[in-house]
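Undergrad: This is the structure, below, for whatever I ask next.
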Amino acid sequence: LSLFLDLVPQDKEINRGDLIITTSLSGLPKNLLIGKVETIKKSDISPIQKADVSPFFDLSLLDKIFIVLDF
Numbered sequence: 003l004s005l006f007l008d009l010v011p012q013d014k015e016i017n018r019g020d021l022i023i024t025t026s027l028s029g030l031p032k033n034l035l036i037g038k039v040e041t042i043k044k045s046d047i048s049p050i051q052k053a054d055v056s057p058f059f060d061l062s063l064l065d066k067i068f069i070v071l072d073f
């Protein structure tokens, strides 16, 4: 499983090791831990940057999950 953070403006700072969490703006409960930034990809010709994210979970090790339907 690989995750990435996309569409981040170049003027916003992203650092290796930054934590990725949900916000209430996403329609999900806020402050759920997703992962941490591993690598940052910037381009001189693009106004956006991307980051590879290492998830805090390993789906292959899960045998049960709970899905939040309402909060």
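Last residue of the sequence shown: 73 (this note's numbering), numbering continuous. Backbone N, C-alpha and C fix where the C-beta goes; we use that ideal spot for every residue, glycine too.
How far does the beta strand (DSSP E) with Phe-58 in it extend, from its first residue to its last?
TA: It is not in any beta strand (DSSP E) - Phe-58 carries neither H nor E in the DSSP assignment.
Undergrad: What separation, rounded to the nearest whole angstrom, lies between the Cα atoms of Ser-26 and Ser-56?
TA: If I take the Cα positions, the gap works out to 22 angstroms.
Undergrad: Assign Gly-37 to one of two classes, buried (16 or more other C-beta atoms within 10 Å of its C-beta) or exposed (fewer than that).
TA: Buried: at least 16 other Cβ atoms inside 10 Å.
Undergrad: Go to Leu-30, then tell me how far its beta strand (DSSP E) extends in each direction, as first and last residue.
TA: Here Leu-30 belongs to no beta strand (DSSP E), and DSSP marks it neither H nor E.
Undergrad: What do you get for Ile-22, buried or exposed, if any count of 16 or more other CB atoms within 10 angstroms of its CB means buried?
TA: That one is buried.
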